[in-house]
Amino acid sequence: EVVEIIDANDEEGESTVTNFKEMAKKMRMKYDKYYGTPEKMNLLVYIALIFDPRYKLAGLELSLHDLFGEEQGFALGLKVKQKVEALFEEYWQLYQPLNSQSGQSSGTPIEIDSTNANASHGGAMSYAQRLRKKLKGADGGRGVVRTELQKYLNEGLEEDDIDVLTWWKVHGPRYPVV
Numbered sequence: 001e002v003v004e005i006i007d008a009n010d011e012e013g014e015s016t017v018t019n020f021k022e023m024a025k026k027m028r029m030k031y032d033k034y035y036g037t038p039e040k041m042n043l044l045v046y047i048a049l050i051f052d053p054r055y056k057l058a059g060l061e062l063s064l065h066d067l068f069g070e071e072q073g074f075a076l077g078l079k080v081k082q083k084v085e086a087l088f089e090e091y092w093q094l095y096q097p098l099n100s101q102s103g104q105s106s107g108t109p110i111e112i113d114s115t116n117a118n119a120s121h122g123g124a125m126s127y128a129q130r131l132r133k134k135l136k137g138a139d140g141g142r143g144v145v146r147t148e149l150q151k152y153l154n155e156g157l158e159e160d161d162i163d164v165l166t167w168w169k170v171h172g173p174r175y176p177v178v
């Protein structure tokens with residue numbers, strides 16, 4: 001949503017209507033003040049996006065690329081992914097005995113399609129359309145999933161109109177540690 005607002009704001013900033021230009025300029029200044037650089041953003045904002053089944057890691061990567069450019073976006077995306085994996089490992093160590101007793105195994109390798117993709121985005125495409133295009137352009141390589149976090153991240157994205165909390169309520173048992 002932040003990326004869509006910034007895109008709309010940039011378009012309004014080029015508007016010929018003076019009031020819209022002024023409003024867009026003020027909004028952009030406030031955005032830059034609080035969120036304009038990766039150092040200003042709280043990593044939890046990015047981590048939360050990963051746990052939204054409509055966006056996951058692909059959504060994060062696309063957002064960071066749009067917000068900060070390819071190089072800075074890639075570096076920040078890698079940092080966020082490493083933090084999420086470290087958090088998962090901490091929780092896995094805490095809850096592993098509980099999962100073993102209940103018959104759930106998060107570490108069982110399974111084979112699925114990889115979702116690494118290269119995105120090309122056009123100005124007229126919405127954020128959601130660009131994200132779907134990025135995922136459809138996946139290379140189709142195969143990968144082995146080692147954790148339930150990887151399983152979650154490698155599964156397809158959900159539709160935009162789902163209720164995220166309801167989705168986690170229904171699918172939470174599949175990912176007890178995540």
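Just so we're aligned, residue 1 is where the sequence shown starts under UniProt numbering, counting upward by one.
For glycine and all other residues, C-beta sits at the position ideal for the given N, C-alpha and C.
Touch test, the stretch 49 to 58 against the stretch 153 to 166, Cβ-Cβ under 8 angstroms, three pairs minimum: A contact exists between the stretch 49 to 58 and the stretch 153 to 166.
Minimum C-alpha distance to Gly156 - residue among Gly172, Val177, Lys169, Leu131: Of the candidates Gly172, Val177, Lys169, Leu131, Leu131 places its Cα closest to the Cα of Gly156.
In terms of residues, what are the limits of the alpha helix (DSSP H) holding Tyr34? Where Tyr34 is concerned, the enclosing alpha helix (DSSP H) stretches over 18 to 35.
How would you label Tyr127, buried or exposed, when you count the other beta carbons within 10 angstroms and need 16 or more for buried? Flag for Tyr127 reads buried.
What first and last residue would you give for the alpha helix (DSSP H) that runs through Asn154? Unbroken alpha helix (DSSP H) run through Asn154: 148 to 154.
Nearest CA to the CA of Gln129: which residue from Ala48, Ser63, Val178, Trp168? Ranking Ala48, Ser63, Val178, Trp168 by Cα distance to Gln129 puts Ser63 first.
Inter-residue spacing [alpha-carbon to alpha-carbon] between Gly43 and Met27: Note that residue 43 corresponds to Leu in the displayed sequence, not to Gly. One C-alpha to the other measures close to 22 angstroms.
Buried or exposed: where does Val84 fall if 16 or more other Cβ atoms within 10 Å of its Cβ makes it buried? Buried, by the Cβ-count rule.
When burial is assigned at 16 or more other CB atoms within 10 Å of the CB, is Glu61 buried or exposed? Buried, by the Cβ-count rule.
In its own chain, which residues sit with a C-beta less than 8 angstroms from the C-beta of Lys79, not counting the 5 before and 5 after it? Result list for Lys79: Leu43, in chain order.
Under the assumption that Glu148 contacts Tyr175 (Cβ atoms under 8 angstroms), give the Cβ distance between them as a whole number of angstroms. Right, their Cβ atoms sit about 5 angstroms apart.
Which residue's Cα is closest to the Cα of Gly69: Ala86, Thr37, Asp160? Relative to the Cα of Gly69, the nearest Cα in the group Ala86, Thr37, Asp160 belongs to Thr37.
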